[in-house]
Amino acid sequence: MTLEPNTAFSARPPPLPADDDAFAMQTACAGLMREARLANYEISAWSRPGSECRHNLNYWRYGDFLGIGAGAHGKLTVPSEQAVRRRIRLRHPRAWMDAAEQGDAVAEDRAVGISDRVFEYFLNQLRLRDGVRKADFPGRTGAHWQDVDDRVALAIDRGLLEDHGDRLVATETGWRFVNEIQVLFLP
Numbered sequence: 276m277t278l279e280p281n282t283a284f285s286a287r288p289p290p291l292p293a294d295d296d297a298f299a300m301q302t303a304c305a306g307l308m309r310e311a312r313l314a315n316y317e318i319s320a321w322s323r324p325g326s327e328c329r330h331n332l333n334y335w336r337y338g339d340f341l342g343i344g345a346g347a348h349g350k351l352t353v354p355s356e357q358a359v360r361r362r363i364r365l366r367h368p369r370a371w372m373d374a375a376e377q378g379d380a381v382a383e384d385r386a387v388g389i390s391d392r393v394f395e396y397f398l399n400q401l402r403l404r405d406g407v408r409k410a411d412f413p414g415r416t417g418a419h420w421q422d423v424d425d426r427v428a429l430a431i432d433r434g435l436l437e438d439h440g441d442r443l444v445a446t447e448t449g450w451r452f453v454n455e456i457q458v459l460f461l462p
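Per the numbering used here, the sequence shown starts with residue 276, numbered consecutively.
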């Protein structure tokens, strides 16, 4: 559990178990989920095969999404510009409604640089059990696979990733320490 700032949990943190106890609980819960024939298809989600959340899969596969409403975030790939844009709507409902009536409720609209796209691509796709799709990489990031060869090789050497030809898949160790892999792709 992450205690986010400006939340009740942050203001009055509940007692949290020690890391070893949390790992034991997670392992026990995973066993119960598997017994119920659920699959851990995503780092924080389980489902019956074929019933995965398509909405979340779109995020984790680095797909596009529209942000509609106060505080909403969106991501759009603009192939004609070879760009990815992030848009954030005004956060407060009244300000958003007033601005939306004028046709401009966008608080931020920025192009995402290639190095950030590479990081976001790996950050998102590493959340999935089926791993990082190599074929989608150039079209989604604007980068070449050769640009990440050294970092991929390092993750493989550390026993965190396996190369399955068309995709990179986290090992069991890599799945438990996915943040360690993601750090390798920071800009």
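Ideal placement from N, C-alpha and C gives every residue a C-beta, glycine not left out. Just so you know, these numbers come straight off a predicted model, no measurement behind them.
- In summary, residue 416 is buried, with 16 or more beta-carbon neighbours lying within 10 Å of its beta-carbon over all protein chains present.
- Following the DSSP letters along the chain, one finds residue 315 in no alpha helix (DSSP H) but inside the beta strand (DSSP E) bounded by residues 314-317.
- Residue environment for residue 407: buried (at least 16 other C-beta atoms within 10 angstroms of its C-beta).
- Around residue 334, the same chain offers 340, 399 as residues with beta carbons nearer than 8 Å, after the five sequence neighbours per side are excluded.
- Boundaries of the beta strand (DSSP E) harbouring residue 363: 358-364, taken from the DSSP string.
- Annotated as distal: residue 369 and residue 380, with beta-carbon spacing of 8 Å or more.
- Using a C-beta cut-off of 8 Å, the stretch 381-389 makes contact with the stretch 354-363, since at least three inter-stretch Cβ pairs fall below that distance.
- In the DSSP assignment, residue 386 falls within the beta strand (DSSP E) that extends over 381-386.
- When 278, 293, 332, 357 are compared, the shortest CA-CA separation from residue 414 is found for 357.
- C-alpha of residue 431 to C-alpha of residue 412: approximately 18 Å in a straight line.
- No Cβ-Cβ contact shorter than 8 Å links residue 443 with residue 394.
- For the pair residue 342 and residue 286, the Cα-to-Cα distance works out to about 29 Å.
- A residue is called buried when at least 16 other Cβ atoms come within 10 angstroms of its Cβ; residue 456 meets this threshold and is buried.
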